[in-house]
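**Q** Quick note: the sequence shown uses numbering that gives the first Met the number 0, first residue 0, plus one each step.
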Amino acid sequence: MKKIWKSAALAAVLMLVPMQAFAHPGGEAISPELKQIHTQLKEIKDQNHELMRTVYDKCRTQMEALKKAKESRDAAAEREAMNKLREMERQIIQLKKERLRFEQNAHEQLKKLAQ
Numbered sequence: 000m001k002k003i004w005k006s007a008a009l010a011a012v013l014m015l016v017p018m019q020a021f022a023h024p025g026g027e028a029i030s031p032e033l034k035q036i037h038t039q040l041k042e043i044k045d046q047n048h049e050l051m052r053t054v055y056d057k058c059r060t061q062m063e064a065l066k067k068a069k070e071s072r073d074a075a076a077e078r079e080a081m082n083k084l085r086e087m088e089r090q091i092i093q094l095k096k097e098r099l100r101f102e103q104n105a106h107e108q109l110k111k112l113a114q
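(1) Check for me: the alpha helix (DSSP H) holding residue 59 runs from which residue to which?
(2) Go through its chain and collect everything with a Cβ distance to residue 25's Cβ below 7 Å, but skip five positions before and after it.
(3) Beta-carbon separation of residue 90 and residue 54 under 7 Å?
(4) Just to confirm, does residue 85 get its C-beta within under 6 Å of one of the non-hydrogen atoms of the ligand SAH?
(5) State whether the stretch 46-65 contacts the stretch 91-110, with contact taken as three or more CB pairs (one from each stretch) at a distance under 8 Å.
(6) Would residue 80 be called buried (16 or more neighbouring beta carbons within 10 Å of its own) or exposed?
(7) Cα separation between residue 28 and residue 34?
(8) Roughly how many angstroms separate the alpha carbons of residue 108 and residue 96, rounded to a whole number?
In structure tokens:
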């Protein structure tokens, strides 16, 4: 678990550090590989964030539908809303697993570059 947090922290730091920190005063990048990894991390982080936002918005909509179904005592609508919420929960778990796997791969790439 500690290793996972380290890789997540490293990925987070690379996201927050501006690219100028990786450049020499002359403007030349220290390592093109590092610049490429930084760009890939940012793109994938943005994609993952957008997907998570979309799924959470859909979850909120389904929660409202479930609440209305319970208020109207519509059992069929309630079951349908619960099934959709379960599916969205699976999507969220899958997205989180993919993000973790990506962060671990990024950490491994950075370790290889450091050697």
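Even for Gly, the Cβ is constructed at its ideal location relative to N, Cα and C.
**A** Looking at the atomic coordinates:
(1) Residue mapping note: residue 59 aligns to position 60 of the sequence shown, counting from 1. Bounds of the alpha helix (DSSP H) holding residue 59 are 31-71.
(2) The residue you call residue 25 lines up with position 26 of the sequence shown. Note that residue 25 scores 49 on pLDDT, short of 50, meaning its location in the model is unreliable and no value can be drawn from it.
(3) Taking the sequence shown and counting its residues from 1, one reaches residue 90 at position 91. Taking the sequence shown and counting its residues from 1, one reaches residue 54 at position 55. Yes, these two residues count as a Cβ contact at 7 Å.
(4) Ligands in the displayed structure: none, and consequently the ligand SAH is not present.
(5) Three or more Cβ pairs closer than 8 Å define a contact, and the stretch 46-65 meets that threshold against the stretch 91-110.
(6) One-based indexing of the sequence shown puts residue 80 at position 81. In the assembly as shown, residue 80 is a buried residue. Its beta-carbon has 16 or more other beta-carbons within 10 Å.
(7) Working through the sequence shown from its first residue, we reach residue 28 at position 29. Working through the sequence shown from its first residue, we reach residue 34 at position 35. Bear in mind that the predicted position of residue 28 carries a pLDDT of just 49, short of 50, making it unreliable; the figure below should be weighed with that in mind. Going from the Cα of residue 28 to the Cα of residue 34 covers about 7 Å.
(8) Here residue 108 corresponds to residue number 109 of the sequence shown, with the count starting at 1. Here residue 96 corresponds to residue number 97 of the sequence shown, with the count starting at 1. Those two C-alpha atoms are separated by around 18 Å.
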